[in-house]
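Just below is one structure, and these are the notes that go with it.
Numbering (my numbering), first residue to last: 31 to 182.
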């Protein structure tokens, strides 16, 4: 049985090229990829070019660890260098936001990812793709969470 997973995407170094590379790799492995609109957001925590952010939806029967490993492979293939400052320019940042209704925590992957409730550039595009779906911890739909975040 396939599970719906959502992935946040961010890039501020040749973003169109790197995001297109990620889309090609994901489509090759998982088939059709659901794609939100692209949001342009200023770099936060450092001086740099604006980021392009979006959310992708895939269907997979792979376990979480394998999906996350593939996301790291894509980042590396697109020139991501690890080990630098947390807030720095990125060729590509791919984060697994949700994996069905899975709720998990450290020491493994934390799902759903906290970024969903913290950043409008994550929740906005997620609500666009998965508006009627419910956050497995908060219990609210992504559309309702987005409406609440916009009211702040």
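Heads up, the beta-carbon is just placed ideally off N, CA and C, and yes, glycines get one too.
#### Entry: Identified DSSP bridge partners for residue 122
DSSP, once it has assigned bridges, lists no residue as partnering residue 122.
### Query
Using CA coordinates, which residue listed in 44, 170, 112 and 136 is at the minimum distance from residue 147?
170
### Task
Indicate the three-state DSSP secondary structure (helix, strand or coil) for residue 150 in the structure shown.
helix
### Candidates 55, 140 and 118, of which the one nearest residue 42 by Cα
Answer by Cα proximity: 118.
### Task
Please confirm whether residue 39 and residue 85 have their CB atoms less than 8 angstroms apart.
yes
### Task
Would you be able to state if there are at least three C-beta pairs under 8 angstroms between the stretch 137-152 and the stretch 49-68?
The stretch 49-68 is not in contact with the stretch 137-152.
### Task
State whether the stretch 86-104 contacts the stretch 47-59, with contact taken as three or more CB pairs (one from each stretch) at a distance under 8 angstroms.
yes
### Task
My understanding is that residue 162 touches residue 173, with C-beta atoms under 8 angstroms, so please give their C-beta distance in whole angstroms.
7 angstroms
### Task
Let me know if residue 106 comes out buried or exposed under the rule of 16 or more other beta-carbons within 10 Å of its beta-carbon.
exposed
### Query
Got a sec? Which residues, its chain only, sit under 8 angstroms from residue 158 by beta carbon, not counting five neighbours each side?
So the qualifying residues of the chain are 66, 67 and 85.
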